[in-house]
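Undergrad: This note's numbering puts the sequence shown at residues 140 to 296.
The structure follows.
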Amino acid sequence: MIKNKMITKANLSALVLMLLMLTQSCTSIRLISDYDEITDKTVTELQEKVSNYFVKIERTIGTDDAKYEHFVQQFDDIKVDLNTLEVRAGAFEKNRIVQEHFKELNKMVNNLESLHKIGFSSYDQIKPLKQPFNSAFTAIIKLQIALKRGDKTDNNN
C-alpha cells in the first residue's frame, strides 16, 4: 500500500512536471515589441525625406541654393518625423532597441544640420555623410521587416 502511494505520488509529480513543461513550451517570450505599422510607414517616409535632402544638396552644391537657409523646412520636417518616431517607440514596452535606433538617427540629423550651417563647398564633403544614413535606415527597416514577419507567424499559430 505504501509502495502504491509512492508510485502514485511519483506519477502525479511527473504528470505535473510534464504539464508545466508543456505549458511553458506553448508560451512565447518576446524580447522586443511587436510590429507597428505606423512606425514602419513613418520610417520609410523619413528615409525618403533624408534621401530628398541629399539629392537636393548634391544638385545645388556650390550655389546660393545650397545654403542652410534654403533647407530649414526640410530639417524641420525630418525632425518632426523623428520626434514622432521617438515618442511612438517610447510608448511600446520592450522597445529599447528601436528607441536607441531613433536616438542615434536624431544625433546624426543634428550633426548633419550643424555641418550644413557651417556650409558645404563640394560634393566630396557630402558623399561620406550619405552612407551612415543609408546604413542606419537599412538597419531600422530590416528590424521592422523582421518584426512584421514575426507578427504574421504569431497570427498563423
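Ideal placement from N, C-alpha and C gives every residue a C-beta, glycine not left out.
Please read these numbers as outputs of a predicted model, since none were measured by experiment.
From L221 to N245, what does the alpha carbon distance come to, in whole angstroms?
TA: 7 angstroms
Undergrad: Three-state secondary structure (DSSP) at T202?
TA: coil
Undergrad: To the nearest angstrom, how far is the alpha carbon of D179 from that of D215?
TA: 20 angstroms
Undergrad: Quick one: what's got a C-beta closer than 7 angstroms to A205's C-beta in the same chain, skipping five residues either side?
TA: I196, T199 and F259
Undergrad: Looking at Y174: is its Cβ nearer than 7 angstroms to the Cβ of K269?
TA: no
Undergrad: By alpha-carbon positions, which one of T202, Q213 and Q238 ends up nearest to A275?
TA: Q238
Undergrad: State yes or no: is the C-beta of N234 within less than 7 angstroms of the C-beta of S172?
TA: yes
Undergrad: Among the residues of its own chain, which have a CB less than 6 angstroms from the CB of Q186, if the five just before and after it don't count?
TA: Here the set comprises F276.
Undergrad: Between the alpha carbons of K266 and A285, how many angstroms are there, rounded?
TA: K266 and A285 have their alpha carbons spaced roughly 30 angstroms apart.
Undergrad: Thinking just about the alpha-carbon of each residue, which of H255, L254 and T223 is nearest to the one in K242?
TA: Per the Cα distances, T223.
Undergrad: Does DSSP classify Y94 as helix, strand or coil?
TA: The structure shown has nothing for residue 94, since the chain only spans 140 to 296.
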